[in-house]
Each structure stands twice: as C-alpha cells, then as structure tokens.
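This report concerns only the one structure given below.
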Amino acid sequence: MVNIREITKDTTWLGGSDRRLALFENLFPLPDGVSYNSYLIRDDKNVLFDTSDASIAGQFLENLGGALAGEKLDYIVILHMEPDHCAEIADVVTRYPDVQLVGGAQTFKFLDQFFPGLGKDSRLIVKEGDTLSTGNHTFHFVTAPMVHWPEVLMAYDDYTKTLFSADAFGTFGALDGGIFADDHDFEKEYLDEARRYYSNIVGKYGPQVQAVLKKAAGLDIAMIAPLHGPVWRKDIPWFIDKYQKWSTYTPEDDGIVVIYGSLYGHTESAAETAAAYLRGKSGKDVKVYDVSKTHSSYLVSEIFRASKIVLFCPTYNNGIYLPMAALLHDLSALNVQNRTFAVAENGTWAPAAGKLIKEELAKLKNVKVIENMLTIKSALHPTDQTALEEFVDAVIKE
Ligand code: FEO
Numbered sequence: 000m001v002n003i004r005e006i007t008k009d010t011t012w013l014g015g016s017d018r019r020l021a022l023f024e025n026l027f028p029l030p031d032g033v034s035y036n037s038y039l040i041r042d043d044k045n046v047l048f049d050t051s052d053a054s055i056a057g058q059f060l061e062n063l064g065g066a067l068a069g070e071k072l073d074y075i076v077i078l079h080m081e082p083d084h085c086a087e088i089a090d091v092v093t094r095y096p097d098v099q100l101v102g103g104a105q106t107f108k109f110l111d112q113f114f115p116g117l118g119k120d121s122r123l124i125v126k127e128g129d130t131l132s133t134g135n136h137t138f139h140f141v142t143a144p145m146v147h148w149p150e151v152l153m154a155y156d157d158y159t160k161t162l163f164s165a166d167a168f169g170t171f172g173a174l175d176g177g178i179f180a181d182d183h184d185f186e187k188e189y190l191d192e193a194r195r196y197y198s199n200i201v202g203k204y205g206p207q208v209q210a211v212l213k214k215a216a217g218l219d220i221a222m223i224a225p226l227h228g229p230v231w232r233k234d235i236p237w238f239i240d241k242y243q244k245w246s247t248y249t250p251e252d253d254g255i256v257v258i259y260g261s262l263y264g265h266t267e268s269a270a271e272t273a274a275a276y277l278r279g280k281s282g283k284d285v286k287v288y289d290v291s292k293t294h295s296s297y298l299v300s301e302i303f304r305a306s307k308i309v310l311f312c313p314t315y316n317n318g319i320y321l322p323m324a325a326l327l328h329d330l331s332a333l334n335v336q337n338r339t340f341a342v343a344e345n346g347t348w349a350p351a352a353g354k355l356i357k358e359e360l361a362k363l364k365n366v367k368v369i370e371n372m373l374t375i376k377s378a379l380h381p382t383d384q385t386a387l388e389e390f391v392d393a394v395i396k397e
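Sequential numbering of the sequence shown, starting at 0, is according to numbering that gives the first Met the number 0.
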C-alpha cells in the first residue's frame, strides 16, 4: 500500500520507518526505530532527493511509483552516499533507466565504490552554488563536508523555501503517523533521541556543522526536510538553537550527570550516596547511570546535555574499568569539550583509576577536571563522610 504525504507544494515525502532494526550502524540501539526519508518533487521535471535503506526497499519503491503516478523520473539528487540512503539507487535506476544522477564529484567517487559504473553516462556533477531548475522549482546546492561524511550536499528549493538537509536535523525514532515535528510533542517524544543521534553520529564535527549553520543563516527557510525523523515547518529557530549548542559543545542545562562503574555494588553505593548529596545540596537536576548497563550512546548524549559530569570508577587490572575506559574513548573520539568533570576512584589495594581518568580527560579541549578527587578503599565508610561532602561541595562550587 502506498504511504506518502504531501509536505508542501509539489513535494511528497515517500520514506518509511524501520522498527525491526536493533542497532543503527550495528552500533546504536534503536528502541523506537528509525525513519528513512526520501522526497519527490513533481514539476516539469521530476526529481527525487535520495533513496532509502535496503530494509524499507519494498515500501520505498512502491511509494515512489505511487508518487510519480505514471510519470517519468528525471533526476535523483544524491545528497548523501551512506547506504542508509543510497542503498536503493541501483533499483531506482533499473526501474527508471532514463534518470539522471545528480551529486558532487566525491558523490560519484563513492557511487562507483558502492555501485561500480552505475549510471556512468547520465551523471550531472554539481558544486557549491550550482543550481538545478525543474520548472517552478530551482534547487541551490550547498556543500556540507563532514556533516558527517565528506561528500554531503544540502539543497535549498527557492520556490518552497525548503532546505533538504541530508542527515542534519535528523533524529532516531520512527515516525508515529505524523510527518511533521509539530504533529508531535517533539521535546517530549524526540528531543533525547535527536540529541543522541546528533552527539553520536555528527558530534565529532561541530566546526563543520557551524560552517553549515552560517550558510543556512543566509537562507529564508520555511521548511527543513532531513533524511531521518520529522520534517520541520514550525519552531525551526528552536531546533537550530539546539544545533548551535550541540555544535559548539555548549551544555543545554546545568544538570549533573553521575556515571559509575561497579563490580559488586560498592562503587555504585558511593555514587548513589554522592548523587543524593549533590541533589540535596545543589537543588539541580541529577541523573545517575551505570556505565556497564547503559549503552554509551546514551551517556554521550547526556554528557552533551549537561554541564557537569561525575565519574565513579573502580580500578581494574591496575587501570580504568573497561566500560568506563570505552566511554572515555568515545568522549575523545567525539571531540567533547567545555565540560566540568569530577572523578572518584575505588580500589581495594592500589587505587589507580582516578589518576588515569584524569590523564584521559586532560586530552579533551576546554575541560575542567576538579582537583578534589574522592578515593574509596573497597567501600564508602562513615569515616569518609567529610571527604565525600568536600568532594560534593567542590562539584557544586565549580
Ligand atoms: Fe543517515 Fe549518514 O546517513
């Protein structure tokens, strides 16, 4: 059954949602699924913006046929050559052999790597500032290198004032009927997943996102059509402000995130006790996570949200407890900046994790590590009360 939605003049969304996939990129949990968006503009010439992931191929191809309603397809614009959007290009070319492929020079390099020689006689290479006119609509191409692949393009339709934004402004989460962000309580239903998507997929590339936001600021945008998640037609400045914060590594709020690792519950108990003091003394929002149980993508997202992070870590093999070490690796890989960290360590005979964690945190830009470190010997005891309170006070004071 064809399932498409007209989102603005001549412009049809014809994507689909996948609720079966457990891990996006075989890495990131998808408890609420994910959507793959594709858009068709019917004009004197018909143009398709991106295809879909192979998982929704049947629905996508049926939707494309339904949206074209017997007309020919003139162009596929390839904004992004990652397989979650390009997997169906070959199938579309097979069904519509006269179609012309539109992309940047690097787009076609990648196309030849994934689909050697596909459409080699019908390629149109575009670059920054080039346009494609289809009749009423003229699409202006904007390069978006490393948001989050190097070949990424965006396209601005000056007829409908729609920005086709590739992965930018996308989110994890399938579409629950409503195609527009304002069909939903986005802040409640999608914001955490949008942040998790941004921070883990694009987070490393803040400066590149900033460069694109500066270009977008010069456009009169009425609608943003991303490749994942809902389409934006209201409250666009609100979401752009989130992107401003995330891409400059600016905390969204002054909450405190406590992340602990614990083998037998003693470090956990210390972290929970500290969290209670932190909440009681500061009155601020405090969230507590077990690093072994909570997937690192959620922890990364929380660290992008909050201003202060408190790490409680056992010493293991004279080093950092492995799940905590993996999280620290993620923070470095994703270029996390501008945060305040506090570190508490545990060790029964030779506590060493704290010093090693501080060395890892020192590699991050503009990160303050509170000097006061809490050291626990096996378990927190009443004799540690003063040290615990001084540690908590130092976190609040910073
Ligand atoms: Fe949704 Fe970078 O692909």
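Glycine included, C-beta positions come from ideal geometry on N, C-alpha and C.
| Check | Outcome |
| --- | --- |
| Just checking Trp-148 against ligand 1 - is the residue's beta carbon closer than 7 Å to any of the ligand's heavy atoms? | yes |
| Jot down the residue ranges of each uninterrupted beta strand (DSSP E) in the region 139-179, minimum 3 residues, whole runs only, in chain order. | 152-156 and 161-163 |
| State the beta-bridge partners of Trp-237 as determined by DSSP. | In the DSSP output, where bridge partners are listed per residue, Trp-237 has none listed. |
| Taking DSSP as the reference, what is the three-state secondary structure of Arg-195? | helix |
| Just reading off the alpha helix (DSSP H) that Phe-185 is part of, what are its end residues? | 185-188 |
| Tell me whether Leu-226 counts as near ligand 3, meaning its Cβ is closer than 7 Å to at least one heavy atom of that ligand. | You won't find ligand 3 in this model; what it holds is ligand 1. |
| Which whole-angstrom value is the C-beta distance of Ala-180 and Trp-231, which I expect to be below 8 Å? | 5 Å |
| Give the C-beta separation of Cys-85 and Phe-107 to the nearest angstrom, bearing in mind that I take them to be a contact with Cβ-Cβ under 8 Å. | Actually they are not in contact, since the Cβ atoms of Cys-85 and Phe-107 sit about 12 Å apart, beyond 8 Å. |
| For the structure I just gave you, are there three or more beta carbon pairs, one from the region 160-168 and one from the region 75-83, closer than 8 Å? | yes |
| With the cut-off set at 8 Å, would you say Gly-254 and Lys-286 are in Cβ contact? | yes |
| My assumption, with CB atoms under 8 Å, is that Leu-399 sits in contact with Ala-343. Please give the rounded CB distance. | Nothing in the structure corresponds to residue 399, since the chain is present only between 0 and 397. |
| Give a yes or no on contact between the region 27-47 and the region 1-15, applying the rule of three or more CB pairs nearer than 8 Å. | yes |
| Leaving out five residues before and five after Ile-3 in sequence, what residues of the same chain have Cβ atoms less than 7 Å from its Cβ? | Thr-11, Trp-12, Leu-13, Asn-62, Gly-65 and Ala-66 |
| In the DSSP assignment, find the unbroken alpha helix (DSSP H) run with Ser-295 in it and report its ends. | 295-304 |
| Do you know how far the Cα of Thr-347 is from the Cα of Tyr-197? | 39 Å |
| So what does DSSP say about Glu-344, is it helix, strand or coil? | strand |
| Confirm the yes/no value for this check: CB of His-328, any heavy atom of ligand 1, distance under 7 Å. | no |
| At a cut-off of 7 Å, is Asp-166 close to ligand 1 when judged by its beta-carbon and the heavy atoms of the ligand? | yes |
| Just tell me which of Phe-171, Glu-370 and Glu-186 has its CA closest to the CA of Asn-199. | Phe-171 |
| Can you give the Cα-Cα distance for Ala-215 and Lys-396, rounded to whole angstroms? | 39 Å |
| Nearest-angstrom Cα distance between Leu-298 and Asp-129? | 40 Å |
| Tell me, please, whether the region 141-156 touches the region 206-215 by the rule of three or more beta-carbon pairs shorter than 8 Å. | yes |
| Would you mind reading off the limits of the alpha helix (DSSP H) that contains Tyr-276? | 265-281 |
| For my contact list, Phe-311 and Ala-361 are in at a C-beta cut-off of 8 Å; report their separation, rounded to the angstrom. | Contact doesn't hold; Cβ gap of about 19 Å is too wide. |
| Which residue's Cα is closest to the Cα of Pro-400: Phe-303, Pro-149 and Ala-89? | Coverage of the chain is limited to positions 0 through 397, which leaves residue 400 absent and any answer about it impossible. |
| With the cut-off set at 8 Å, would you say Ile-75 and Leu-29 are in Cβ contact? | no |
| Does the count of Cβ pairs from the region 367-383 and the region 275-285 closer than 8 Å reach three? | no |
| Does the beta-carbon of Gln-58 have 16 or more other beta-carbons within 10 angstroms, so that it is buried, or is it exposed? | buried |
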